[in-house]
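Here's the structure, in structure tokens; my notes come after.
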Amino acid sequence: MQHATGPRPLSRILISDTDHERLTGLARALLDRAPETAEELLFEMDRAVVTDAAAMPADVVRMGSIVTVRGEGGETQRIMLVYPGEADIAENRISVLTPMGTALIGAAIGQAVCWSSRGGRELSVTVEAVDTPASGAQRR
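The end of the sequence shown is residue 296 by the numbering used here, with every number in the run present.
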């Protein structure tokens with residue numbers, strides 16, 4: 157799916173108040189060192205619907221979620237969305253500061269998310285399943 161012309165369509169995203177606060181702070185701290193990454197994450201936080209962490213639906217990607225995504229070619233992948241210090245590609249632990257990670261935060265099952273790779277290629281996946289983090293497993 158190519159989005160060569162015009163802005164990509166934006167789906168609604170839902171973020172817990174806890175994730176919103178921490179991710180907004182993380183993005184602001186990165187503005188000087190990684191402005192493009194920080195601005196993309198701030199854009200997502202600005203457009204998000206923020207809700208109480210206890211009221212977050214189980215089908216929405218949040219920090220610490222294990223997400224099954226389906227690529228354009230039909231292949232599936234299970235990844236965990238984590239903060240930068242916890243990222244490990246070998247263990248499919250994807251940082252929220254990667255283009256894919258930023259695109260996934262707040263998306264729900266059935267939603268397609270699109271992003272531009274660092275090389276400028278348009279990529280997309282569809283969220284197939286979300287395993288919510290266990291209570292207390294999410295670092296604060």
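Ideal Cβ positions, reconstructed from N, Cα and C, are used throughout, including at glycine. Because the structure is a prediction, the values reported are computed rather than measured.
Contact annotation: V216 and G257 have beta-carbon atoms that are not nearer than 8 angstroms. Relative to M212, the option among D173, V283, S167, S273 whose CA is nearest is D173. DSSP links V283 through a beta bridge to V225. When C-alpha distances from R274 are compared across S167, Y239, E196, the shortest belongs to E196. As a beta-bridge residue in DSSP terms, R234 pairs with T224. In this structure A183 is buried. Its beta-carbon is surrounded by 16 or more other beta-carbon atoms within 10 angstroms. Sorting E231, N248, A204, L253 by C-alpha distance to the C-alpha of R189 places L253 at the top. Comparing C-alpha distances from L198 to each of A210, A214, E177 shows the shortest one belongs to E177.
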